[in-house]
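These notes concern the structure reproduced below.
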Amino acid sequence: MPLVPAAEDSLPAEVRLRDLRANDVPVSIVARVVTAERREIVRKSDGGRRPVLSGLLSDGTASVRFTWWDPPSDPIERGEVLRAVNVQVREFQGRVELTFNWKSRVAPAGDADLPKVNPEDIPLRPLAELRSGDDWFRVVARIVRVAPKTVSVGEERRLLHEGVIADSSGAVAFTAWSDFGLSPGEAIDVSGGYARAFRGRPQLVLDERSTVRRVPGEGLPSAESATRGLSRRISDIEATGGGELLELRGVIVALLPPSGLVHRCPECRRAVRQGLCRVHGTVQPEPDLRARLVVDDGTGTLTVNAGRPETERLWGRTLEQCLQTMRENPDPTLLEEQLFEAVFGRRIVVRGRGSADDFGVTVYPESIEVEAMDPVARARSIAGALGGSPG
Ligand SMILES: [Zn+2]
26 MPLVPAAEDS LPAEVRLRDL RANDVPVSIV ARVVTAERRE IVRKSDGGRR
76 PVLSGLLSDG TASVRFTWWD PPSDPIERGE VLRAVNVQVR EFQGRVELTF
126 NWKSRVAPAG DADLPKVNPE DIPLRPLAEL RSGDDWFRVV ARIVRVAPKT
176 VSVGEERRLL HEGVIADSSG AVAFTAWSDF GLSPGEAIDV SGGYARAFRG
226 RPQLVLDERS TVRRVPGEGL PSAESATRGL SRRISDIEAT GGGELLELRG
276 VIVALLPPSG LVHRCPECRR AVRQGLCRVH GTVQPEPDLR ARLVVDDGTG
326 TLTVNAGRPE TERLWGRTLE QCLQTMRENP DPTLLEEQLF EAVFGRRIVV
376 RGRGSADDFG VTVYPESIEV EAMDPVARAR SIAGALGGSP G
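Residues 26 to 416 in the numbering used here are what the sequence shown spells out, letter by letter.
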């Protein structure tokens, strides 16, 4: 029997992140840093500060959150591949996490040390079944839209690409942190991404670890048919917590405050009260129009958050005309009443993105079409809205 050096013998085998199980046995892993954020935790006992680095690691088989107590002072960069020995695995809220402590040893590694993953081995997932926190899935979908965007990450400016993809089960928003050269209409097979919650909805995140392949895309909806969408019942939209590329029809039954003439901070567009923005302090507020419309289709209600152009069109009045009314009669409730009278009982078709919170679903419209109605039909619609019948 060949002799194995003791040190070699005691070195635990590397575990793929997909195979991690929470137990008392420390593991060795090789993984890439997907995100890393350094913080300081204040100890309750003596007020001392303890540095901690936390974020997400991925080895292509799964993404796992990690916490690294007392990390080295040299920065750990996104994209770095690390080999870590003696790492603790624990479970938190039903998901495994890694904890690096003083017993862990961490050294740089290379791409070649990462596990080899064949995309075909990754299970295919319908978009409608993506949940925040998911990884280790593959999706085949059509790019409905995509556009570049520049964001600030710390002090760094980064270019990303945002859009929406669709398959026959539904549509989700995506963010690509690497440029995959995506363009609308293309069918793609994506693996190595993960899903995270964004505005209460799962969103697909792609980065340099993700693989994007062009595919023929048989059976996928065209980009055009995905954007046209099919009208959905409000109860169904509520059940799924909103979604991308929504279309719904219903009657405006109420207006929620703040609606009508509002004042916004010129810096951040937050609502300003008495000239005070809660972030930027005293500012010169800019007038704006908005309408928070409660829409009912007989199966349920949701809120449509209409911005200035949609509000002006629904109301038939411009911001300038509203400001003129205010100069003549400086009573803000008057405008809100007039807006309510103008929109109440109107049947509308709304297209846009929706997300849910404790107060229900809010839709951020890309378009609102008003169905033309004669006064009799409108009166019937108002009566139906008040009676709660499906009109
Ligand atoms: Zn502000």
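For every residue, glycine included, the Cβ atom is placed at its ideal position computed from N, Cα and C.
Item checked: Buried or exposed by the 16-neighbour rule on C-beta atoms within 10 Å, applied to residue 186 -> buried
Buried or exposed, going by whether 16 or more other CB atoms sit within 10 Å of the CB of residue 199?
buried
**Item:** residue 295 beta carbon near ligand 1 (any heavy atom closer than 6 Å)
**Value:** yes
- Task: Quickly, what does DSSP pair residue 127 with across the bridge? List them, please.
- Result: In DSSP, residue 127 forms no bridge with anything.
Practice task
Would you check if the stretch 321-332 and the stretch 376-394 touch, i.e. whether three or more CB-CB distances between them fall below 8 Å?
Solution key: yes
If we require 4 or more residues per run, which alpha helix (DSSP H) segments fall completely within the stretch 246-320?
248-253, 259-265
Query - Span of the alpha helix (DSSP H) around residue 359 - result: 357-368
Item checked: Per-residue burial, residue 400 [other beta carbons within 10 Å of its own, 16 or more giving buried] -> exposed
Residue 322 by DSSP, collapsed to three states: which one? coil
* How about residue 144 and residue 86: are their beta carbons less than 7 Å apart? -> no
* Hey, would you say the C-beta of residue 305 is under 6 Å away from at least one heavy atom of ligand 1? -> yes
Can you give me the Cβ contacts of residue 413 inside the same chain, cut-off strictly under 7 Å, excluding the 5 residues immediately before and after it? The predicted model places residue 413 with a pLDDT of 49, which falls under 50 and marks its position as unreliable; any figure quoted below should be read in that light. Correct list: empty, nothing qualifies.
| task | To the nearest angstrom, report how far apart residue 416 and residue 322 are at their CA atoms. | result | Note that residue 416 has pLDDT 40, beneath the 50 cutoff, so the model's placement of it is unreliable and no number is given.
For the alpha helix (DSSP H) holding residue 335, just list the boundary residues, first then last. Taken as a continuous stretch (DSSP letters only), the alpha helix (DSSP H) holding residue 335 covers 333-340.
Helix, strand or coil at residue 146 [DSSP, three-state] = Residue state for residue 146 is assigned as helix, using DSSP reduced to three classes.
Worksheet item: Closest to residue 364 by CA distance: which of 373, 338, 352, 251 is it?
Response: Residue nearest to residue 364 within the set 373, 338, 352, 251 is 338 (criterion: CA-CA distance).
query: Which whole-angstrom value is the C-beta distance of residue 124 and residue 115, which I expect to be below 8 Å?
result: 6 Å
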